[in-house]
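Undergrad:
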Amino acid sequence: MREQPRREFLRILGASSAISLGTIFPGTKTVQASQARKKKIKCGQIGTRHAHASGKMATMRKFSDDYQVVGIVEPDAERRKSLEKSATYQGLQWMTEQELLNSPGLQMVAVETEVRKLLPTAQRCIDAGLHIHLDKPAGESLPQFQKVLSAATSKQRVVQMGYMFRYNPAFQFLSQAVGQGWLGDIFETHAVISKTVGASTRRQLAAYPGGSMFELGCHLIDAVVATLGKPDQVTPYIRRTRPAQDSLADNQLAVFEYPRATATVRSALVEVNGGRRRQMVVCGDQGTIVIRPLEPPQLSLTLAKPQGKFSAGTHPVSLRKPGGRYDGDFMDLAQIIRGEKSPDYSVQHDLAVQEAVLRASGLSTQ
22 MREQPRREFL
32 RILGASSAIS
42 LGTIFPGTKT
52 VQASQARKKK
62 IKCGQIGTRH
72 AHASGKMATM
82 RKFSDDYQVV
92 GIVEPDAERR
102 KSLEKSATYQ
112 GLQWMTEQEL
122 LNSPGLQMVA
132 VETEVRKLLP
142 TAQRCIDAGL
152 HIHLDKPAGE
162 SLPQFQKVLS
172 AATSKQRVVQ
182 MGYMFRYNPA
192 FQFLSQAVGQ
202 GWLGDIFETH
212 AVISKTVGAS
222 TRRQLAAYPG
232 GSMFELGCHL
242 IDAVVATLGK
252 PDQVTPYIRR
262 TRPAQDSLAD
272 NQLAVFEYPR
282 ATATVRSALV
292 EVNGGRRRQM
302 VVCGDQGTIV
312 IRPLEPPQLS
322 LTLAKPQGKF
332 SAGTHPVSLR
342 KPGGRYDGDF
352 MDLAQIIRGE
362 KSPDYSVQHD
372 LAVQEAVLRA
382 SGLSTQ
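The number in our numbering is simply the position in the sequence shown, starting from 1, with 21 added.
Structure representation (structure tokens):
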């Protein structure tokens, strides 16, 4: 693999991976969490229509030692009424966006609107001087995303993207193994993320021409860019299996080209029990890692020569039991906001991912 992505790997997830993988990678220091009581981070959420909105709110409320949820914004009165008694939102203070942004001591907002409103909402939060957790993908305009990141950088605020495999233990293992050169020079990456959706969801997703790759494939494009860096070229292959029913691009393939490697990401919305076949495969000239399924993760490691505690050959790897899907994101974000660590993912990485997502979805980057 190229040296720049390798250095990025050594930085990405380094601290959090060290905690969980210290016994696998000799010499990695284990960080003991401070027992001192810390001031809670005042936070809120704007929007409930994103597919991950309820999960993000549930995670913030679960980590009540770290976060104090001061309010939730949902401008649709009918939707708000339907959610008020749900377990996730019950007991929260519903308010307008301006009320939330003007809340005394507010530090962070999770932006969970429908995708089309993510970036305008994010910009308003950054302009208000707040850190944000921004759900995926980062809108449909690369220049608008660049503007959000530039404003955040100038205000020394963090924009944490909501790609859901960043803190998955299997992807953390992959990051460590690639970063330490266990797989040698990577020449191939193959990723699949699919599912089936009903007619109502198809109509909602058809409003976005990027289709399944834009909606689902973005999660694994994030991992591909972390593995290989920014691609030299991205070629999308877009198919619609039910053109008489709707315009949804529901069967997609993207090929990512590098000087000495290729990567593919496939995403479809018509695969029966597609979750079982979701996978990430990384092949190098000294070894291969196969993660399949992705949740709960199962990982197989093949090595040409001994590495760490593993001998040459193929091994199933025992991973720590994952917590909630978003636990790692919000644990990490709390540390960043408190100044205890730097972000694991750079602005340059997030920009490269968004450009790759748009190209892979057949969308403009202008």
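Ideal placement from N, C-alpha and C gives every residue a C-beta, glycine not left out.
1. If we ignore side chains and look at the alpha-carbon of each, how far apart do P317 and K157 end up?
2. Count the other CB atoms within 10 Å of the CB of S103; is the residue buried (16 or more) or exposed (fewer)?
3. Determine which residues share a DSSP beta bridge with G65 and list them.
4. Would you mind stating whether N272 and A284 have Cβ atoms separated by less than 7 Å?
5. So which of K63, S385, M301, V338 has the shortest CA-CA distance to A244?
6. Looking only at its own chain, which residues have a Cβ that is under 6 Å from the Cβ of H370, when we skip the five neighbours before and after it?
7. Using a Cβ cut-off of 7 Å (strictly closer), state whether R82 contacts chain D.
8. Is DSSP giving A373 helix, strand or coil here?
9. For E278, write down the residues that DSSP places opposite it in a beta bridge.
10. Check whether the segment 333-351 touches the segment 81-89, counting contact only when three or more Cβ pairs, one atom from each stretch, lie closer than 8 Å.
11. According to the neighbour-count rule (16 or more other Cβ atoms, all chains shown, within 10 Å of its Cβ), is S382 buried or exposed?
12. Could you tell me the boundaries of the alpha helix (DSSP H) in which L226 lies?
13. Quick check on T256: buried or exposed, where buried means 16 or more other Cβ atoms within 10 Å of its Cβ?
14. Sort out for me which residues DSSP pairs S103 with in a bridge.
15. With a 10 Å radius around its C-beta and 16 neighbouring C-beta atoms as the bar for buried, classify E361 as buried or exposed.
16. What residue range does the beta strand (DSSP E) around E209 cover?
17. Alpha carbon to alpha carbon, how far is A270 from V209? Give it in angstroms, no decimals.
18. Determine, using beta carbons only, whether L170 and I214 come nearer to each other than 7 Å.
TA: Taking the structure as given:
1. Counted from its first residue, the sequence shown places residue 317 at position 296. Counted from its first residue, the sequence shown places residue 157 at position 136. Between P317 and K157, the C-alpha separation is close to 21 Å.
2. Locating residue 103 in the sequence shown gives position 82, where the first residue counts as 1. Per the 10 Å Cβ criterion, exposed.
3. One-based indexing of the sequence shown puts residue 65 at position 44. DSSP lists G92, V130 as partners of G65.
4. The count along the sequence shown starts at 1 and reaches residue 272 at position 251. The count along the sequence shown starts at 1 and reaches residue 284 at position 263. Not closer than 7 Å, so no.
5. Here residue 244 refers to the residue found at position 223 when the sequence shown is read from its first residue. Residue M301 is the option with its Cα nearest to A244.
6. Your numbering for residue 370 matches position 349 in the sequence shown. There are no such residues.
7. No chain D is present in this structure, which holds just one protein chain.
8. Along the sequence shown, read from residue 1 onward, the residue named residue 373 stands at position 352. The answer is helix: DSSP assigns A373 an H, G or I state.
9. For the purposes of this step, residue 278 is taken as residue 257 along the sequence shown, with counting starting at 1. Bridge partners of E278: Q254, T283.
10. yes
11. On the sequence shown, residue 382 is found 361 positions in, with the first residue counted as 1. S382 is buried by the Cβ-count criterion.
12. Here the question's residue 226 lines up with position 205 in the sequence shown. Its alpha helix (DSSP H) spans residues 220-226.
13. On the sequence shown, position 235 is the one that residue 256 refers to. So T256 counts as exposed.
14. To locate residue 103, count along the sequence shown from 1; it is residue 82. DSSP lists no partner for S103.
15. In the sequence shown, counting from the first residue as 1, residue 361 sits at position 340. Exposed is the call here.
16. Residue numbering aside, residue 209 sits at position 188 when the sequence shown is read from its first letter. Counting along the chain, the beta strand (DSSP E) containing E209 begins and ends at 207-213.
17. Indexing the sequence shown from 1 puts residue 209 at position 188. Indexing the sequence shown from 1 puts residue 270 at position 249. Reading off the sequence shown, one finds Glu at residue 209, where the question assumed Val. Cα-Cα distance, rounded: 25 Å.
18. What you label residue 170 is simply residue 149 of the sequence shown in a count that begins at 1. What you label residue 214 is simply residue 193 of the sequence shown in a count that begins at 1. Result no, Cβ atoms of L170 and I214 do not sit closer than 7 Å.
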